[in-house]
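A short worksheet on the structure shown next.
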Amino acid sequence: MSEVLLDFNNVTMQFGGVTALNEVSLQIKQGEILGLIGPNGAGKTTCFNVMTGVYAPTLGTVSFEGKNLAKLKRFEITKVGIARTFQNIRLFSEMTALENVMVGADARKKASVGGAILRTSRQRHEEKESRERSMELLQFMGISDRAETAARNLPYGYQRRLEIARALATEPKLLCLDEPAAGFNPAEKEELNELILKIREQGYTVLLIEHDMNVVMKVSDRVAVLDFGQKIADGLPADVRNNPAVIAAYLGVEDNAS
Amino acid sequence: MPDWLIIRTFWELTVTGLALGSIYALVALGYTLVYGVLRLINFAHSEIFMVGTFGALLASSQFLSIPLLEDGNYPYRTGMTLIIFLVFIMLIAMLFSGIGAVVLERVAYRPLRGNGDAFGAIVLAFLTTFIVSLVFVDQAKINVIIALLATAPISYAYMRFFKQGRKAPRLAFLISAIGASTAISEAVGVWSKHGRDQYQTPRLLEKKTLFTMFGTDVRIDYAIVIVGALLMMTALTLFVNKTRLGRGVRAVAQDAETSRILGVNVDLIIIVTFALGGVMAGGAAMLFTLVYDQTRFNIGFILGVKSFTAAVLGGIGNLKGALLGGLLLGLVENYGSAIFGGQWKDVIAFVVLLVVLMFRPTGLLGESLGKARV
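Going line by line, the protein sequences match chains A and B.
Using our numbering, the first residue of the first sequence is number 1, and each one after it goes up by one.
Using our numbering, the first residue of the second sequence is number 1001, and each one after it goes up by one.
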């Protein structure tokens, strides 16, 4: 539990004059579920994008198992073992559910142009392998009954779960979920909680960005709170829940609203 | 009576229209593939076709040493020899066009995508110096030496320029495309053996009637063009739909950013896309020389414009659209020129395009490479 997988070291991210992240340090440990919360515009998604290499940080470093992410190309970040889902679903809408997952699985295979044209036996073998692996993942997420349906025709809940299946197909060490419960009803959220716990049991480390406090508090081992681009708390869910700074910044507002 | 003429020759016009349309369709695939993946209209694709026709010419007249006339007759071949020769010529044409398309992407487009691309910078530096030195010296050898010497510092300068992370505006790609198109065709027009003259390609195939259908003689070369084009398109569709690289092409076409995050090597997929389009254009080029027995440095221009029209007509970015658009354009042109006269041929093609786009701005089948399925 103690080995650091992802190390966010004093990261500052500026866009023009706007500081989205201000000297944020954060560590994700092997095998844990870390919840990252904060009010809208607190910098959660920016944090996420820096982590997955969409942005290079203005200052500070992000390293994954000791490798500096800024030095990697974007598609290589997947290969070192970081996968993500999107807040607004971004599936390949014209492909079937199975094909969507297979695109993720392909990331682990060596692409060979010659092999693809000549259909070598290795190529065929790998193709079969990724098909089977992708099917397993669909089963794991409980959506294998619609494997051949085009992603755009899947129900919303299926689409969300398909995104997770696709991310898992890249064989990540760290799975980053960006508001996976958005738009879910309580029963679906309950199912999602179980799924996330099941994913961790399989040996994945999970970073969870979520609005819904129920999901975050129930599932996370540890919770970090961002506000105006700064980390204001980091600890066990129960402690964070009672932290006055957090209540002022986020939970208090949330309580008044509901 | 013109109406009477079209009825009498309807089936003949259909056959020739389909053959011409097949060639349009094959070239249109290249426009559509690149547009689907990069949202870029690769205007230099017409020159990739032209390069393919010269590939076919080289293959038959140089590699196979077939003369234009043997003892005063066409150098006809028959049976297996003919088939092997045709396949060989087609493969060479595909090789020329395929490599041409990949090099084009490297030199004309990738540097604009701006990642401090070392290869692009080196090629650009070499070309710059070479062209500049051409103005002062007229010995090719010395020019090459000067260019080689100056490559390192200039490419370093280019790298610094691109490293600033400026993304080129969309217009830059278009200008680069037009520049590359002119550069390729003029290079052939200036430096090839007969320059701007027409080249005859050896006529290997006796163009006799293969069979008669609806009272029309179907010539063997037309039959080969139609069947060959259909086979190539089937192969392409299978590649795009059934292989891992094809899946990558579709993924990038639908959402390049997400593909990249999922670990798809987008640059590789772009190379594959250009290569696929090039290979299709190469096949089209060989089929073209089979029917018309000739080529020229600017042969790609009108054919390219027509094929682009075909791609837009069917719905650019859509593989099935390219096929439909190509065949339709070939037919409409043929029927139209029979009704109104041959000089109206191009007018008809573009009027049809205008009318279709007025009512269906995304083409007959709509845009989207991702949607393309068998």
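All C-beta atoms in this analysis are idealised placements derived from N, C-alpha and C, irrespective of residue type, glycine included.
On a predicted model such as this, the values are computed, not experimentally measured, just so you know.
Query	Result
Any non-hydrogen atom of the ligand NAD within 7 Å of residue 1303/B CB	In the structure on display, the ligand NAD does not appear, and there are no ligands present to speak of.
Interface residues of chain B facing residue 52/A [CB-CB closer than 7 Å]	1261
Outcome for residue 1111/B when other beta-carbon atoms lying within 10 angstroms are tallied against a minimum of 16	buried
Cβ of residue 1266/B within 8 Å of any chain A Cβ	yes
Residue 1314/B vs residue 1325/B beta-carbon contact at 8 Å	yes
Contact with chain A by residue 1111/B, beta-carbon distance below 8 Å	no
Residue-level contact to chain A via CB, residue 1251/B, 8 Å cutoff	yes
Completely contained beta strand (DSSP E) runs for the segment 33–66 of chain A, where each covers 3 or more residues	33–37, 59–64
Short Cβ contact (8 Å threshold) for residue 34/A with residue 220/A	yes
Completely contained alpha helix (DSSP H) runs for the segment 1282–1336 of chain B, where each covers 4 or more residues	1299–1314
Amino acids of chain A, ordered along the chain, whose beta-carbon sits closer than 9 Å to that of residue 1360/B	Near residue 1360/B there are no residues of chain A at all, since even the closest Cβ is about 19 Å away, more than 9 Å.
Which listed residue (1060/B, 1235/B, 1023/B, 1270/B) has its alpha carbon closest to that of residue 1249/B	1270/B
Interface flag, residue 170/A vs chain B, CB-CB below 8 Å	yes
N- and C-terminal bounds of the alpha helix (DSSP H) containing residue 102/A	97–106
Straight-line gap, residue 178/A to residue 28/A (C-alpha atoms, nearest Å)	16 Å
Alpha carbon of residue 1/A to alpha carbon of residue 1240/B, nearest angstrom	Low confidence applies here, because residue 1/A scores a pLDDT of 46, under 50, leaving its location unreliable; read the following figure in that light. Those two C-alpha atoms are separated by around 44 Å.
Coarse secondary structure for residue 153/A, derived from DSSP in three states	helix
Proximity below 8 Å, CB of residue 1013/B to CB of residue 1236/B	no
Neighbour flag for residue 1106/B against chain A, beta carbons, 8 Å	no
Nearest-angstrom Cβ-Cβ length linking residue 1209/B and residue 1219/B, presumed shorter than 8 Å	6 Å
C-alpha distance - residue 1199/B paired with residue 1131/B, whole-angstrom precision	27 Å
Neighbouring residues, chain B, relative to residue 79/A (Cβ below 9 Å)	1263
Complete beta strand (DSSP E) runs within the segment 1187–1271 of chain B (minimum length 3 residues, chain order)	1209–1213, 1216–1219
Residue 220/A at chain B interface by Cβ criterion, 8 Å	no
For residue 56/A and residue 42/A, believed in contact at Cβ under 8 Å, the rounded distance	Contact flag wrong, Cβ pair sits at about 21 Å.
Reduced DSSP secondary structure (H/G/I, E/B, other) of residue 141/A	coil
Between the CA atoms of residue 130/A and residue 1081/B - distance to the nearest angstrom	43 Å
Identified DSSP bridge partners for residue 233/A	225/A
Where the alpha helix (DSSP H) through residue 1051/B begins and ends	1045–1058
7 Å CB neighbourhood of residue 1001/B in its chain, flanking five on each side removed	In this prediction, residue 1001/B has a pLDDT of 45, which is less than 50 and means its spatial position is unreliable; what the coordinates show is noted afterwards. Answer for residue 1001/B: no residue qualifies.
Below-8 Å beta-carbon distance, residue 1255/B vs any chain A residue	yes
Partners in chain B for residue 74/A, counting only beta-carbon separations shorter than 8 Å	1260, 1261
Cβ contact check for the segment 1034–1045 of chain B and the segment 1304–1319 of chain B: 3 or more pairs under 8 Å	yes
Partners in chain B for residue 99/A, counting only beta-carbon separations shorter than 7 Å	1247
Span of the beta strand (DSSP E), counted from its first residue to its last, around residue 20/A	18–29
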